[in-house]
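*Asks:* Before I ask anything, here is the structure I am working with.
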Amino acid sequence: MPDPELLAERYMAAVDGFIECVRKVPGDGMDFQDTKESWSPRDICFHVADVDSMLGLRLRRILGENYPQLAGIDTQASVKLYRRSRLDTGLALDALSANSALTTGLIEKLTPEGMARKGRHSEGHDVTAADLAAFMAMHIEAHIKQVKRTMAAARK
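Residue numbers (this note's numbering): 15 to 170.
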């Protein structure tokens with residue numbers, strides 16, 4: 015069973031790294047897309063904040079409810095919504111920061127019983143609190159790399 019303190023540290027390091035990465039994107043690079051189908055740094059920023067909020071809610075449901083049903087989401091639809099709105103990325107970073115503080119507190123306090131608690135994803139598989147906590151960090155880490163790749167393409 016993973017150590018809750020280490021899970022929380024990895025998650026917070028990912029959040030901090032993501033915020034730092036996005037803040038380094040120049041204003042004129044925020045909407046750069048390498049291809050028509052790819053996401054811009056702004057798209058990625060709102061996606062990460064949105065998904066992190068949803069994953070935090072899933073964690074709270076797993077810990078507080080008895081084997082909850084966990085609905086999937088259409089991430090493309092939310093990216094399109096935020097793209098049309100052209101909101102300031104500071105809003106997404108503030109939301110990510112606030113949500114991650116709450117989620118980190120829960121992860122740090124996970125007991126072995128809490129880490130083993132499960133929910134059922136709408137795609138047909140069980141999700142434990144420990145799995146979810148680890149995934150939250152991996153998800154953000156992957157998007158740090160995506161922002162960096164996008165900015166490298168913008169410099170070409």
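C-beta: ideal position from N, C-alpha, C; glycine also. Since the structure is predicted, the reported quantities are computational estimates derived from the model, not experimental observations.
Excluding sequence positions up to five away, which residues of its chain have a Cβ less than 7 Å from the Cβ of Leu146?
*Replies:* Leu69, Arg72, Leu73 and Ile76
*Asks:* Could you please give me the residues that DSSP links to His153 through a beta bridge?
*Replies:* In DSSP, His153 forms no bridge with anything.
*Asks:* Would DSSP call Arg97 helix, strand or coil?
*Replies:* helix
*Asks:* Measure from the alpha carbon of Asp64 to the alpha carbon of each residue in Tyr96, Gly31 and Gly119, then state which is nearest.
*Replies:* Sorting Tyr96, Gly31 and Gly119 by C-alpha distance to the C-alpha of Asp64 places Tyr96 at the top.
*Asks:* Is Val36 closer than 8 Å to Val161 when the C-beta atoms are compared?
*Replies:* yes
*Asks:* What first and last residue would you give for the beta strand (DSSP E) that runs through Asp48?
*Replies:* Run containing Asp48: none; DSSP gives neither H nor E here.
*Asks:* Between which residues of its own chain and Met15 is the CB-CB distance below 8 Å, once the five residues before and five after are set aside?
*Replies:* Pro126, Met129, Ala130 and Ala144
*Asks:* Hey, quick one: how far does the alpha helix (DSSP H) through Thr117 stretch, first residue to last?
*Replies:* Thr103 to Glu122
*Asks:* Give the DSSP-derived three-state secondary structure of Asp145 in the structure shown.
*Replies:* Helix.
*Asks:* Could you check the C-alpha separation between Gln83 and Thr142 for me, to the nearest Å?
*Replies:* 12 Å
*Asks:* Over the uninterrupted alpha helix (DSSP H) stretch that includes Gly70, give me the two end residues.
*Replies:* Pro55 to Gly78
*Asks:* Gly43 to Asn80, Cα distance in whole Å?
*Replies:* 45 Å
*Asks:* Please work out which residues of its chain come closer than 6 Å, Cβ to Cβ, to Gln47, disregarding the five sequence neighbours upstream and downstream, and give them in chain order.
*Replies:* The residues are Ser54.
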